[in-house]
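Notes for the one structure printed next.
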Ligand SMILES: Cc1cc2nc3c(=O)[nH]c(=O)nc-3n(C[C@H](O)[C@H](O)[C@H](O)COP(=O)(O)OP(=O)(O)OC[C@H]3O[C@@H](n4cnc5c(N)ncnc54)[C@H](O)[C@@H]3O)c2cc1C
């Protein structure tokens, strides 16, 4: 029997809440099919609730696919692995490493599930590295009638392109097969740079490493540049994480010096200029993954790579002119173009710019002020992060949007997976 409970649900940052009639945890595909067919609708699927948009919210059924987890099979020659879609990334990294495999890239954290990562086009950084969905070779889903369907890149490449990024609106994924690579080590380096240098050398700082990113520290005139390159050396000592302590200091300075921006800039800027560069080698997931304890809300837009520096400069100008309450760093990454229809990286090498706001404070005015800059530069929002776009906008910024909607209707003709929020962002 599945585990069925009723309770109030909220996402990681607390900005989305719902009171579903049931939160159901099916044991197997047969039970999953029954719940999809007969459970109170809409049926929404949850990964680990780390999205900031109301993708998971439902007043009917929230489906928890935690029982569809673990490594089902792996092929040491082809470097492929079949994984339960409910597997959290933090568990997956261990399982793959033990099998001699590695994910080619990762985002900041490992709390998401594989299903959730594919749901919203979760990504790391690197112009030669795709988001998680580019690893997809095969996917098994329960459709809107509870029937199991399987799509593979070999036999139905278009279907994999249609469902590779799916918002939980193209059925419930139970299993995926990923193309991985042999497990590896990374050399991670971090140094503080003057912001002007970062904006000047933007392209080369992002291009000249396998993976690189910036954290721009507001009101400091500085950014942290992080780079990740394949290492042959053995793993060394991983220095203690400083991100959370750094955030606390930035918040204290914000509280004390909100009205004295010149002093805030001077203090943070001189502290950053003295930050010792960090340089260590670790196993791939040890180098990528950080802890994020301080809760925030986030907006991230994916822009054509070549306009990244220009757009970033405008965002910083607006932030520092009108929003002294912001203390969270901005995160700037690059992502390789791909062929997945609802991927924000569809046929476009990308520069991603993310802005964050303390979860205990209202982000609306700040996000409203920077979103037009992202839109002006033809940005596509991260599906899991805050934005104001609707189906009409998505139809213009995604060339294959209409085709994706046709596939969705075929998979879910009775709109079992469509909540009011999904109806707003998709053409149903
Ligand atoms: C602290 C923090 C750090 C983050 N870092 C990054 C980052 O570095 N890069 C980045 O791109 N994003 C990042 N994100 C955003 C996050 O990766 C995405 O929002 C991701 O979708 C969350 O995964 P989840 O498992 O929590 O999924 P949820 O938020 O629970 O669900 C996301 C979507 O996936 C669908 N879904 C989940 N499982 C399935 C399934 N089995 N079948 C079908 N649909 C399913 C859901 O219905 C929903 O539409 C971060 C978020 C937080 C809070």
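Residue numbers (the working numbering): 290 to 717. For every residue, glycine included, the Cβ atom is placed at its ideal position computed from N, Cα and C.
Reference residue 587, options 614, 620, 601, closest by Cα: For the residues 614, 620, 601, the minimum Cα distance to residue 587 belongs to 620.
CB contact flag (residue 468, residue 369, <8 Å): Taking 8 Å as the Cβ cut-off, residue 468 and residue 369 qualify as a contacting pair.
Close Cβ partners of residue 491 (< 7 Å) along its chain, the five nearest in sequence each way excluded: The answer, listed in chain order, is 597, 598.
For residue 484 and residue 512, which I take to be in contact (beta-carbon distance under 8 Å), what is that distance rounded to the nearest angstrom? The pair is a contact, with the Cβ atoms about 5 Å apart (cut-off 8 Å).
Give me the residue from 487, 372, 671, 699 with the minimum Cα distance to residue 357. For residue 357, the closest alpha carbon among the candidates 487, 372, 671, 699 is that of 372.
Residue from 674, 583, 570, 330 whose Cα sits closest to the Cα of residue 616: Looking at the Cα atoms, 583 is the closest of the given residues.
Should the segment 621–628 be regarded as contacting the segment 538–551, the criterion being three or more beta carbon pairs within less than 8 Å? Verdict: no, contact absent.
Inter-residue Cα distance where the pair is residue 639 and residue 600: Roughly 13 Å between the two C-alpha positions.
Where do the N-terminal and C-terminal ends of the alpha helix (DSSP H) with residue 279 fall, by residue? Outside the displayed range of the chain (290 to 717) lies residue 279, so it cannot be described from this structure.
Please determine, among 532, 669, 611, the residue with the shortest C-alpha to C-alpha distance to residue 654. Residue 654 has its Cα closest to that of 611, out of 532, 669, 611.
Quick one: Cα of residue 607 to Cα of residue 659, how far? Looking at the two C-alpha atoms, the distance is approximately 7 Å.
Could you tell me the distance, in whole angstroms, from the CA atom of residue 480 to the CA atom of residue 514? In a straight line, the C-alpha of residue 480 is about 5 Å away from that of residue 514.
Quick check for students: name the residue ranges of the alpha helix (DSSP H) that lie wholly in the segment 379–449, counting only runs of 4 or more. Runs of the alpha helix (DSSP H) lying entirely within the segment 379–449 and spanning at least 4 residues, in chain order: 403–409.
Please list, in chain order, all residues of the same chain as residue 406 whose beta carbon is under 6 Å from its beta carbon, the five residues on each side excluded. Only 421 meet the Cβ criterion.
Near ligand 1: residue 401 beta-carbon under 7 Å from a heavy atom: Yes; taking the cut-off as 7 Å, the Cβ of residue 401 has a heavy atom of ligand 1 nearer than that.
Quick one: give me the first and last residue of the alpha helix (DSSP H) that residue 683 is part of. For residue 683, the enclosing alpha helix (DSSP H) covers residues 680–686.
Residue 344 beta carbon near ligand 2 (any heavy atom closer than 7 Å): Ligand 2 is not among the ligands present in this structure, which contains only ligand 1.
Where the alpha helix (DSSP H) through residue 665 begins and ends: Residue 665 -> alpha helix (DSSP H) spans 653–665.
Can you give me the C-alpha to C-alpha distance between residue 573 and residue 349, rounded to a whole angstrom? Spanning the two alpha carbons is a distance of roughly 40 Å.
With a cut-off of 8 Å, do at least 3 Cβ pairs link the segment 430–444 to the segment 308–325? With the cut-off at 8 Å, the segment 430–444 and the segment 308–325 touch.
Give a yes or no on whether the C-beta atoms belonging to residue 410 and residue 632 are separated by under 8 Å. Cβ distance < 8 Å, so residue 410 and residue 632 count as in contact.
Residues in the same chain with beta-carbon distance under 7 Å from residue 290, minus the five sequence neighbours each way, listed in chain order, please. A caution first: residue 290 carries a pLDDT of 46, below 50, which makes its placement in the model unreliable, though a value can still be read off. Contacts found: none.
Is any non-hydrogen atom of ligand 1 found closer than 7 Å to the C-beta of residue 434, if you look at the structure I gave you? Answer for residue 434: no, Cβ out of range of ligand 1.
Is the closest heavy atom of ligand 1 to the C-beta of residue 462 under 7 Å? Answer for residue 462: yes, Cβ within range of ligand 1.
Can we count residue 301 as close to ligand 1, meaning its CB is less than 7 Å from some heavy atom? Result yes, Cβ under 7 Å from ligand 1.
Just verifying my parser: in three-state terms, what is the DSSP assignment at residue 290? Residue confidence is low: residue 290 scores 46 on pLDDT, short of 50, so the model does not pin down where it sits. Its coordinate-derived value is still stated next. Reduced to three states, the DSSP call for residue 290 is coil.
Under 7 Å: does the beta carbon of residue 699 sit that close to some heavy atom of ligand 1? No heavy atom of ligand 1 is found nearer than 7 Å to the CB of residue 699.
Out of curiosity, what's the CA-to-CA distance linking residue 312 and residue 526? Going from the Cα of residue 312 to the Cα of residue 526 covers about 42 Å.
Any non-hydrogen atom of ligand 1 closer than 7 Å to residue 372 Cβ: In this structure, ligand 1 has no non-hydrogen atom nearer than 7 Å to the beta-carbon of residue 372.
CB contact below 8 Å: residue 300 versus chain B: Here chain B cannot be found, since the structure has a single protein chain.
Alpha-carbon to alpha-carbon, residue 528 and residue 540: The straight-line gap separating the alpha-carbon atoms of residue 540 and residue 528 is approximately 23 Å.
Count the other CB atoms, across all protein chains shown, that sit within 10 Å of the CB of residue 486; report buried if there are 16 or more and exposed otherwise. So residue 486 counts as exposed.
Assumed close pair residue 571, residue 477 - CB separation to whole angstroms, cut-off 8 Å: With 8 Å as the limit, residue 571 and residue 477 qualify as a contact, their Cβ atoms being about 7 Å apart.
Under the three-state DSSP convention, the category residue 297 falls into: Under the three-state reduction of DSSP, residue 297 is assigned to coil, being neither helix nor strand.
Please state if the CB of residue 391 and the CB of residue 470 are separated by a distance shorter than 8 Å. A Cβ-Cβ contact shorter than 8 Å links residue 470 with residue 391.
So residue 352 packs on residue 333, CB below 8 Å; how close in whole Å? Rounded, the Cβ-Cβ distance is 7 Å, consistent with contact.
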